[in-house]
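These notes are about the structure you will find just below.
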Amino acid sequence: MNFRAFKTVFFKEVLENARDKRTVMSSIVMGALFGPILLVIIINTTINMQQDKAEQALEVPVINQTGANHLMQFLTAQDVDIVDFEGSPEEAIKNKEHDVVLAISDNFSQRFNQGQPAKVKLYHDASAKGTAKVSVNRLRSLLNAYERSIGTQRLQLRGISPNLINVIMIEEHDQATKESRGSMLLAALPYFLIMGLFMGSMYLAIDTTAGEKERKSLEPLFLNPVKRDTILAGKLAATVAFGLLTLVLTIVAFKLTLPWYPFEKLGMRFNMDLQVILIMFLVLAPLALLAGAIQTIIAAFAQSYREAQTYVGFVLIVPMIPSMLLMFMPIKESLWMMAVPVLGQNLVVNELMRGEMVAWDAIAMAVGGTLIVGLALAWIAVKLYNREKMLFAD
Amino acid sequence: MISVENISKSFGKVTAVDNVSLEAPDGKITALLGANGAGKTTSMRMIYALIKPEDGQVIVDGINTHEDPVAARARMGVLPDARGLYKRLTARENIVYFGRLQGMADSKIKDRCEELVDRLGMGSFIDRKTEGFSQGQRVKVAIARALIHDPQNILLDEPTNGLDVMSTRAIRRFLKEQRALGKCILFSSHVMQEVSAVCDEITIIDGGKIVASGSEMQLREKTGSENLEDAFVSLVGGEKLS
Chain A
2 MNFRAFKTVF FKEVLENARD KRTVMSSIVM GALFGPILLV IIINTTINMQ QDKAEQALEV
62 PVINQTGANH LMQFLTAQDV DIVDFEGSPE EAIKNKEHDV VLAISDNFSQ RFNQGQPAKV
122 KLYHDASAKG TAKVSVNRLR SLLNAYERSI GTQRLQLRGI SPNLINVIMI EEHDQATKES
182 RGSMLLAALP YFLIMGLFMG SMYLAIDTTA GEKERKSLEP LFLNPVKRDT ILAGKLAATV
242 AFGLLTLVLT IVAFKLTLPW YPFEKLGMRF NMDLQVILIM FLVLAPLALL AGAIQTIIAA
302 FAQSYREAQT YVGFVLIVPM IPSMLLMFMP IKESLWMMAV PVLGQNLVVN ELMRGEMVAW
362 DAIAMAVGGT LIVGLALAWI AVKLYNREKM LFAD
Chain B
20 MISVENISKS FGKVTAVDNV SLEAPDGKIT ALLGANGAGK TTSMRMIYAL IKPEDGQVIV
80 DGINTHEDPV AARARMGVLP DARGLYKRLT ARENIVYFGR LQGMADSKIK DRCEELVDRL
140 GMGSFIDRKT EGFSQGQRVK VAIARALIHD PQNILLDEPT NGLDVMSTRA IRRFLKEQRA
200 LGKCILFSSH VMQEVSAVCD EITIIDGGKI VASGSEMQLR EKTGSENLED AFVSLVGGEK
260 LS
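Residue numbers (my numbering), protein chains in the order written: chain A, 2 to 395; chain B, 20 to 261.
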């Protein structure tokens with residue numbers, strides 16, 4: 002390969018695109034800063050809302066309060082703010098007027114006095130997001146506590162040891178470490194890192210191929226005594242370089258925004274030291290080659306800049322898939338998964354965030370697997386331009 | 020020296036170029052004259068080895084363009100139909116980029132660039148970004164870019180298309196200078212006055228086929244016409260009433 006020509010193409014593309022403010026804005030500002038800043042805002046807002054809800058006096062709308070005076074006294078003593086409720090509890094929950102509504106049945110006191118299970122209805126929406134669950138859980142545990150205390154008293158009155166009904170004693174040992182709790186909140190981090198990298202190379206992939214075709218400069222360029230492979234390799238290298246630059250900036254942005262994450266409030270720790278940063282970069286870097294190559298291949302088939310933008314935009318969905326899977330499904334990690342591009346990177350970054358030492362064979366698999374797929378795609382991208390159809394926009 | 024031997028090309032069912040042959044000797048300006056859609060651009064693209072002919076071959080200074088396109092391209096300077104300058108680069112950066120791709124040393128590029136700035140009159144805009152350049156400025160930069168390596172063979176696709184009188188004259192003068200230096204110049208056009216004004220040899224193409232070739236005089240004598248335009252019309256089968 003003609004190395005001087007490769008270098009010439011590489012530096013020309015870097016210079017030309019660095020002069021394009023739009024490319025710089027979209028790759029650096031959007032790609033690198035958007036993710037970290039959005040994550041800080043989301044995490045802080047959620048945590049503050051949850052904490053407020055947990056500390057506030059619980060407000061419980063009750064239907065037919067007078068039916069269970071003793072229970073109401075108990076709840077009031079537990080700092081619950083009881084309000085009278087009239088109307089349809091179903092509607093109130095549906096319209097999100099209340100998180101929870103408690104309805105006392107008409108025969109509550111009668112059954113209570115007979116020592117029969119007395120019914121209360123708890124209206125809530127189990128699929129509700131955010132803080133509604135906090136209210137429901139607080140009320141439910143208060144009702145359980147009331148039930149236990151009355152039950153104990155009844156048994157004692159009859160001279161029976163309340164221990165007889167405590168068949169099992171559950172002692173919970175939560176094995177979540179501080180770091181692993183933190184990683185649940187930071188599950189979006191690998192996605193933002195990978196997405197930044199895809200966004201960083203996107204505009205160059207389009208500009209150096211479909212853009213050049215649209216501006217009709219591809220034909221004169223290919224008339225130079227340089228193999229098309231070499232020219233395309235130079236273009237791809239520039240595309241990958243912008244992806245890598247965005248990756249570095251995204252990692253730096255995360256490191257710098259770390260102090261704004263409310264780790265202490267939640268008793269968590271996330272240690273992003275130099276070693277973690279270097280492993281992150283090492284594992285994610287081959288993905289820049291893969292991203293640049295896929296985007297170049299797709300842009301090659303587009304006839305215009307706009308068309309290429311639409312197609313290449315779809316590719317941004319690819320890094321979402323493994324991140325989404327890992328967020329919702331507990332997947333048991335095994336070594337082969339590391340070799341799957343994007344998935345491997347997600348797993349390694351997740352492990353780093355949980356504070357685990359990532360095994361070197363896992364890192365080697367993640368780097369090697371992505372590199373092989375990336376090189377194969379780069380080869381296809383470069384060879385694609387030997388086809389005459391790819392040369393003209395008309 | 021360029022010799023084209025029986026090249027053909029079709030796109031799907033349409034035959035764009037059918038068995039075209041021509042000779043462009045050194046020290047002469049040869050024209051490929053034809054109406055729009057006659058197959059000029061496709062022929063030129065095959066001659067400068069951008070696309071492969073299905074049949075036949077193109078020999079440039081003894082090099083078969085199909086067998087060794089890279090070496091053949093080094094012997095040619097081409098102004099294609101698509102001018103395509105990089106608008107975020109200055110005129111000089113555009114020219115230097117191609118000089119480096121031609122494998123020239125930076126010092127040589129600099130000297131040759133100065134020479135072309137002089138000859139084509141680009142002094143007032145050479146260090147400006149090419150965005151917003153006039154048609155004439157763009158063609159001059161594109162020509163300078165194509166000829167930075169001082170090639171023996173110069174191929175131009177409709178070089179004066181859309182240019183004003185002053186730019187047209189500047190380019191004609193430049194081509195005549197190049198001819199005097201013994202270069203082989205092949206140029207495609209559909210403009211009769213243009214061909215009449217600068218060309219020594221004329222090859223007429225119509226419907227992808229060569230219909231005649233010779234000097235302007237020979238073509239006029241052959242058809243008994245007073246000017247090239249009449250000769251052309253009679254050679255391509257008369258005026259079609261539409």
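Think of the CB as a built atom: it goes at the ideal place given N, C-alpha and C, for glycine as much as any other residue. Quick caveat, the model's predicted, so the values are computed rather than measured.
CB contact check: residue i to chain A, cutoff 8 Å
| i | result |
| --- | --- |
| I145/B | no |
| L104/B | yes |
| A263/B | No statement about residue 263/B is possible, as the shown extent of chain B runs from 20 to 261 and does not include it. |
| A93/B | yes |
| I21/B | no |
| A216/B | no |
| A231/B | no |
| A163/B | no |
| V136/B | no |
Cutoff 6 Å; reference residue i; Cβ partners in own chain excluding five residues on either side
| i | result |
| --- | --- |
| L175/B | L98 and F206 |
| P342/A | L291, T371 and V374 |
| F193/A | G36 |
| D249/B | none |
| L260/B | Any answer about L260/B is weak, because its pLDDT of 47 lies below 50 and its placement is not dependable; what the coordinates show is given next. Contacts found: none. |
| I70/B | R64 |
| I43/A | none |
Proximity test, Cβ basis, 8 Å: residue i and chain B
| i | result |
| --- | --- |
| T251/A | no |
| R20/A | yes |
| L392/A | yes |
| T95/A | The question names Thr, but residue 95/A in the sequence shown is Lys. No - not a single Cβ of chain B is within 8 Å of the one on K95/A. |
| R216/A | yes |
| K13/A | yes |
| E357/A | no |
Pairwise C-alpha distance: residue j and residue i
| i | j | result |
| --- | --- | --- |
| Q304/A | D87/B | 29 Å |
| F354/A | L34/A | Per the sequence presented here, residue 354/A reads as Met, with Phe not at that position. Those two C-alpha atoms are separated by around 19 Å. |
| D80/A | N145/A | 16 Å |
| R94/B | L291/A | 37 Å |
| D175/A | A189/A | 23 Å |
| P90/A | V168/A | 36 Å |
| M366/A | V63/A | 59 Å |
| N114/A | S136/A | 29 Å |
| F271/A | E148/A | 41 Å |
| I223/B | I78/B | 20 Å |
| R159/A | H71/A | 21 Å |
| M123/B | I145/B | 20 Å |
| L165/A | A69/A | 28 Å |
| V61/A | G152/A | 23 Å |
| V350/A | P191/A | 6 Å |
| T132/A | R23/A | 40 Å |
Nearest-angstrom beta carbon gap, residue j and residue i [assumed within contact, 8 Å]
| i | j | result |
| --- | --- | --- |
| A101/B | T84/B | Not quite, the Cβ-Cβ distance comes to about 19 Å (not below 8 Å), so this is no contact. |
| G36/A | T297/A | Their Cβ separation, rounded to whole angstroms, is 23 Å, which puts G36/A and T297/A out of contact at 8 Å. |
| N18/A | T231/A | Their Cβ separation, rounded to whole angstroms, is 19 Å, which puts N18/A and T231/A out of contact at 8 Å. |
| I162/B | L182/B | No, I162/B and L182/B are not in contact; Cβ-Cβ is about 11 Å, not under 8 Å. |
| T1/A | M200/A | Any question about residue 1/A goes unanswered here, given that chain A covers just 2 to 395. |
| L336/A | A363/A | 7 Å |
Beta-carbon neighbours of residue i, restricted to chain B and to distances below 7 Å
| i | result |
| --- | --- |
| F223/A | L69 |
| A238/A | What A238/A touches in chain B: nothing, since even the nearest Cβ is about 15 Å away. |
| D389/A | The sequence shown places Glu at residue 389/A, rather than the Asp named in the question. Per Cβ cutoff of 7 Å: I70. |
| E56/A | Ordered by position in chain B, no residue passes the 7 Å Cβ test against E56/A, which lies about 57 Å from the chain. |
| E17/A | Y105, R107 and L108 |
Contact set between residue i and chain A, taken where Cβ atoms lie within less than 8 Å
| i | result |
| --- | --- |
| V97/B | P221 and L224 |
| Q121/B | N225 and P226 |
Nonlocal neighbours in the same chain, by C-beta distance under 7 Å from residue i, ignoring five residues either side
| i | result |
| --- | --- |
| G1/A | With chain A running from 2 to 395 in the structure shown, residue 1/A is simply not present. |
| Q197/B | I173 and I204 |
Contact list for residue i against chain A, beta-carbon separation under 7 Å
| i | result |
| --- | --- |
| F117/B | N225 |
Chain-ordered neighbours of residue i on chain B, where CB pairs are closer than 8 Å
| i | result |
| --- | --- |
| R5/A | R119 and G122 |
| T9/A | Y116, R119 and L120 |
| E308/A | Chain B residues near E308/A: none, gap ~18 Å exceeds 8 Å. |
8 Å Cβ shell around residue i - same chain, five flanking residues per side excluded
| i | result |
| --- | --- |
| L108/B | Y116, K148 and T149 |
| T9/A | G235 |
| L51/B | L41, K59, S62, M63, L205, F206, S207, S208, T222 and I224 |
| T77/A | I83 |
| A54/B | H209, D225 and V255 |
| N45/A | W261, Y262 and P263 |
| R157/B | R102, L104 and T149 |
Contacts that residue i makes with chain A (C-beta to C-beta distance below 9 Å)
| i | result |
| --- | --- |
| V77/B | Going along chain A, no residue has its Cβ under 9 Å from V77/B, so there is no contact; the nearest lies around 14 Å. |
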